[in-house]
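Take a look at the structure set out below.
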Amino acid sequence: MPALACCVDAAVAPPGYAFAGDSSLPAPVPFAGDPLATNNAAALATGEHSHWSPSLSADLYRINGWGAPYFSVNTSGNISVRPYGKNTLPHQEIDLMKIVKKVSDPKSAGGLGLQLPLIVRLPDVLQNRLESLQSAFDFAIQSQGYESHYQGVFPVKCNQDRFIVEDVVKFGSAFRFGLEAGSKPELLLAMSCLCKGNPEALLVCNGFKDADYIALALVARKLALNTVIVLEQEEELDLVINLSQKLSVHPVIGVRAKLRTKHAGHFGSTSGEKGKFGLTTTQILRVVRKLEQAGMLDSLQLLHFHIGSQIPSTDLLADGVSEAAQIYCELVRLGAHMRVIDIGGGLGIDYDGSKSSESDISVGYGLEEYAMAVVQAVQHVCDRKSVKHPVICSESGRALVSHHSILIFEAVSASVHDSPATSLSLQRFVEGLSEEARVDYQNLAAAAVSGEYETCLRFADQLKQRCVDQFKEGSLGIEQLADVDGLCDLVSKEVGATDPVRTYHVNLSVFTCIPDFWGIGQLFPIVPIHRLDQRPGARGILSDLTCDSDGKIDKFIGGESSLPLHELEGSDVVFGGSGKYYLGMFLGGAYEEALGGLHNLFGGPSVVRVLQSDGPHSFAVTRAMPGPSCGDVLRVMQHEPELMFETLKHRAEECGHEDGMTNGSLASGLALSFHKMPYLVAGSSCCMTNSGYYYGNEDNYSRAADSAAGDDDHWSYCFA
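All residue numbers for the sequence shown refer to my numbering, where the first residue is 1 and numbers rise by one.
Structure (structure tokens):
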């Protein structure tokens, strides 16, 4: 440990204490087990490969597991999208970095001038997922001789974005694919979208219902939409009967059954006899009797159930479907005109690529196995009971939309383990120590000379704590405290005990963009989307922009507590270095956008819609939406940005300025601040211009000015 030896040599040995030899410390002997190689991923990242390759990165980040068949690493070391899955031709692959460049480059350079973070939506992937699900059921039905068909619905709660819902209806029209709604606004959007869909497509009305909800669902029936009102609570039936008579509508009714079958994972909490939704067998029998008394038993046509999201295995799935099929057959026996069995959601996706049925973030089956298990279970029960095979419906939201959406964000800086000075002021340092601390220092030096490295660390920690106590008492100066920090850091570094995990600061809000990670510990694949032809030289956790200790990502797929990452180029510590480092969070197309909050008033990301194209870059951006501005998010929280600006403008006029800046130019700069996104702007520094102030380069300023100037109704008066 030559660096530590220099420090020891600089100190004066206390009386009665002598350093051995020339006070040099022997070379460290590694402890058992390499502290840097704490897991398999780290071992691969720091392994013996003399050269790195994209295929090694694909293995390291498990891309071929969770990403197949839509994501891969290309020869340039970038993540590529395969929009048609396994049927994608090489020239149809889309380089994600080319999308980022097109979207984020300034307009003056041919880009779209959007700010990150960014959601990239890929409708081609969504269409492929829908067609693959339909094909899986079609194959199972044909191969088993099943005598009905499959027609799914998309639960809009997964992602209510207009274009996603419209895409599902358009792509699924040939398959009679419908929608599921769980609230009045969701029902309104589903009704509107299905007016352009297949008339046989189901509109399944789930969730708690009041009179307004039920009346709206009955109106949908009047509009010739194939609407089914699913009873979640027994008392909803009275409303359905009364309102249907008043509106002269013959309703189609379903019941949601509480099954005994339940899966034990996190996502199984909605299943079982104590689940939040559904009717017990006793309640179902009362519904049948009440409908029979009202002369409406023919209205009961659908049985719905939901075991829970992310069903881990087909064995559990088949068990639940079989139980539900028994109830279905009993309803047929009781005289209901049953025709549909709705197996709910639960079709899982493999977030970590492990294909494990023992994990909440993986599943032990694919689309084909899932469909086959459902068809066989329903067919077996119905054949045994001599009941006509029902239409099979599923509400597979997560499996449909997760893959088609990618969140891309930047790492803007990273923590650096400061290299302690090789020559510390130990003379001054030792003289200022208390007697107990001086003994700790002597013991530390002796342990270092004799190569007792664990003992070194123990005495270094003890010395540091004594010095902190002295500093709190006021008997030790800040210079001496810095000296002990430097000495202890040097000891840790020399014995190989320095924590190798760094903190990468990302231009993101976890609460807004990845709320399921914060709320329920859901893990998503997070991967650098470029530089994958280079060996990652560091390990890191991700810390977001929010002023909250929970605003970090420190758990990753594969059970990792850190992620292999590359060193930032240009500058490791100063935001705005010349090299940009982009990360992608994948499989987040379901729930994240709807659940995202406004912690610290960070709004949602910018969004682009990208289709595969035969053009020079293999893609076309068909829609681009900048993220919400500061004014937008303030307005959500009931503030009035226009009045806020007026207050600030008046204050500027009252204060006056003697630095050459006019009140008008200051007001213009304030106005621009309301129109910018809350996130950081790459390469920004606070600059003043003759026309006001701005953050970032001229193109960013022009972009913000264009945005502000375009809002004539509210902001035209803001500019001097």
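C-beta atoms are modelled at their ideal positions from N, C-alpha and C, and glycine is treated no differently. Just so we're clear, the structure is a prediction, and the values are computed from it rather than from any experiment.
query: In whole angstroms, what separates the C-alpha of L291 from that of L297?
result: Whole-angstrom Cα-Cα distance: 5 Å.
message: Spatial neighbours of E93 within its chain, please: C-beta separation below 6 Å, excluding the five flanking residues on both sides.
response: Annotation for E93: S80 and R82 place their beta carbon closer than 6 Å to its own, counting only its chain and skipping 5 residues before and after.
task: Count the C-beta pairs between the region 399-409 and the region 427-447 that are closer than 8 Å, then say yes if the count reaches three, no if not.
output: No, because fewer than three Cβ pairs between the region 399-409 and the region 427-447 fall closer than 8 Å, the two stretches do not touch.
query: Considering only C-alpha positions, which residue in the set Q144, K555, S606 and E494 is nearest to E593?
result: Ranking Q144, K555, S606 and E494 by Cα distance to E593 puts S606 first.
field: Simplified DSSP state of D668, which is helix, strand or coil
entry: The question names Asp, but residue 668 is Ser in the sequence shown. DSSP places S668 in helix when its eight states are reduced to three.
- prompt: Exposed or buried, D483, counting other C-beta atoms within 10 Å across all chains shown (16 or more means buried)?
  reply: Within a 10 Å sphere around the beta-carbon of D483 sit 16 or more other beta-carbons, which makes this residue buried.
query: Can you tell me where the beta strand (DSSP E) with A620 in it begins and where it stops?
result: Taken as a continuous stretch (DSSP letters only), the beta strand (DSSP E) holding A620 covers F619 to M625.
field: Sequence-distant residues of its chain with Cβ nearer than 8 Å to E234 (five each side left out)
entry: Correct list, in chain order: L279, Q283, R286 and V287.
- request: Quick one: grab the DSSP three-state call for H566.
  value: Note: H566 maps to coil in three-state DSSP.
message: Can you check which of these residues, L347, G345 and Y365, is closest to G353 by C-alpha distance?
response: Looking at the Cα atoms, Y365 is the closest of the given residues.
field: Simplified DSSP assignment, three categories, for T227
entry: Correct three-state label for T227: strand.
message: Using a Cβ-Cβ cutoff of less than 6 Å, which residues in the same chain neighbour L532 once the five nearest sequence positions on both sides are dropped?
response: Excluding the 5 residues flanking it on each side, L532 has same chain C-beta neighbours closer than 6 Å at P54, S57, V73 and G77, in chain order.
message: Output needed for S356: all residues of its chain with C-beta closer than 7 Å, excluding positions within five of it in sequence on either side, in chain order.
response: For S356, where only same-chain residues beyond five positions count, the Cβ hits under 7 Å are S362 and G364.
Limits of the unbroken alpha helix (DSSP H) element including L237: Run containing L237: E236 to K246, per the alpha helix (DSSP H) assignment.
task: Could you have a look at V610 and say whether DSSP puts it in helix, strand or coil?
output: V610: strand per DSSP, three-state reduction.
- request: Express the C-alpha separation of F524 and G559 in angstroms, rounding to a whole number.
  value: One C-alpha to the other measures close to 12 Å.
message: Tell me the DSSP secondary structure of P528 in three-state form.
response: It is a strand residue.
- request: Leaving aside the five residues before and after S313 along the sequence, list all residues of the same chain whose C-beta is less than 6 Å from its C-beta, in chain order.
  value: Short of 6 Å from the beta carbon of S313, and not among the five residues preceding or following it, lie these beta carbons of its own chain, in chain order: S357 and G364.
- request: Evaluate Y520 with the Cβ neighbour count: other Cβ atoms within 10 Å of its Cβ, from every protein chain shown; 16 or more gives buried, anything less gives exposed.
  value: The sequence given here places Ile at residue 520; Tyr does not occur at that position. Exposed is the call here.
- prompt: Who pairs with L202 in a beta bridge, going by DSSP?
  reply: L202 pairs with N226.
task: Please confirm whether L179 and A211 have their CB atoms less than 7 Å apart.
output: No, they are not a contact pair.
query: Taking the alpha helix (DSSP H) that Q301 falls in, what are its first and last residues?
result: Note, Q301: premise wrong, no alpha helix (DSSP H); beta strand (DSSP E) at L300 to H304.
query: Going by beta carbon distance, what residues of the same chain come within less than 6 Å of D499, once the five residues before and after it are set aside?
result: The beta carbon of D499 is closer than 6 Å to none in its chain, skipping five residues each way along the sequence.
- request: Check whether the Cβ atoms of A257 and F305 lie closer than 7 Å to each other.
  value: The answer is yes: Cβ separation under 7 Å.
field: Boundaries of the beta strand (DSSP E) in which S103 is found, first to last residue
entry: According to the sequence shown, residue 103 is Val rather than Ser. Per DSSP, V103 lies in no beta strand (DSSP E); the unbroken alpha helix (DSSP H) holding it starts and ends at L96 to S104.
- prompt: If you draw a straight line from the alpha carbon of I241 to that of T227, how long is it in whole angstroms?
  reply: Looking at the backbone, the Cα of I241 and that of T227 are separated by about 15 Å.
message: The beta strand (DSSP E) that contains V249, what's its start and end?
response: No beta strand (DSSP E) contains V249, which DSSP labels as neither H nor E.
- request: Could you spell out where the alpha helix (DSSP H) holding L644 opens and where it closes?
  value: The sequence shown places Met at residue 644, not Leu. Where M644 is concerned, the enclosing alpha helix (DSSP H) starts and stops at P641 to C655.
- prompt: Which one of M644, G603 and M625 has the shortest CA to CA distance from V633?
  reply: It is G603 whose Cα lies nearest to the Cα of V633.
query: What are the uninterrupted segments assigned as beta strand (DSSP E) that are 3 or more residues long and contained completely in the region 285-346, given in chain order?
result: Correct list: 300-304 and 340-342.
field: Beta-carbon proximity check, E395 vs V153, cutoff 7 Å
entry: Yes; because the gap between Cβ atoms is below 7 Å, this pair is in contact.
- prompt: How many angstroms separate the CA atom of I253 from the CA atom of L334?
  reply: When only Cα atoms are considered, I253 and L334 end up about 15 Å apart.
task: Spell out the partners DSSP gives I553 in its beta bridges.
output: DSSP lists L542 as partners of I553.
message: Measuring alpha carbon to alpha carbon, tell me which residue in V100, Q245, S322 and A190 is nearest S299.
response: Closest by alpha carbon: Q245.
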